[in-house]
Amino acid sequence: MSHGLLLWLENIDRRRNEIIPIDPTQDTDTLQEHHKTLLIIRRELLDTQLKVASLQDMSLQLLVHSEGSDCLEAKEKVHVIGNRLKLLLKEVTRDIRELQKALDISSSQQVSY
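Letter by letter, the sequence shown follows residues 1 to 113 of the UniProt record's numbering.
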């Protein structure tokens, strides 16, 4: 499960990087498409938070009395997944705000012409 989540997070990161950095000079349709994609990504991240929380709880219960390199590696992997998810969620939320500002500016410029 943890390896699958790591791969999934890499895929989310790749999809985000296809949009970022945001170019506010792009046409409105492109900006709206990027906005829609980022909203989908954020929804996927939010939906996965429960899986990650469950994984963290299970690993805490299973590995609490365990020792050894395999145990340490498992704990680190779960920790990395949780941190990466939080960071991506924060970054995607910031990207959405930035895109919303670009769309607001774009729509106000269209109105003024």
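For glycine and all other residues, C-beta sits at the position ideal for the given N, C-alpha and C. Note that the structure is predicted; figures quoted are calculated from it, not measured.
Quick one, are the C-beta atoms of residue i and residue j less than 8 angstroms apart?
| i | j | result |
| --- | --- | --- |
| threonine 37 | isoleucine 19 | yes |
| glutamate 33 | isoleucine 12 | no |
| valine 78 | leucine 55 | yes |
| histidine 35 | leucine 103 | yes |
| residue 128 | isoleucine 81 | Lying before the first or after the last residue shown, residue 128 is absent from the chain, which here runs from 1 to 113. |
Please report how far the alpha carbon of residue i lies from the alpha carbon of residue j, in whole angstroms.
| i | j | result |
| --- | --- | --- |
| leucine 9 | serine 106 | 31 angstroms |
| lysine 87 | threonine 93 | This sequence places leucine at residue 87; lysine is not what is there. About 10 angstroms. |
Short of 8 angstroms in beta carbon distance, which residues of its chain neighbour residue i, apart from the five on each side in sequence? Order them along the chain.
| i | result |
| --- | --- |
| serine 48 | One point to set straight first is that residue 48 is threonine, not serine, in the sequence displayed. Result list for threonine 48: Leu5, Trp8, Leu85, in chain order. |
Taking all protein chains shown into account, do 16 or more other C-beta atoms lie within 10 angstroms of the C-beta of residue i, making it buried, or fewer, making it exposed?
| i | result |
| --- | --- |
| leucine 62 | exposed |
Who are the near neighbours of residue i in its chain, counting only those whose CB is closer than 6 angstroms to its CB and skipping five residues on each side?
| i | result |
| --- | --- |
| leucine 72 | none |
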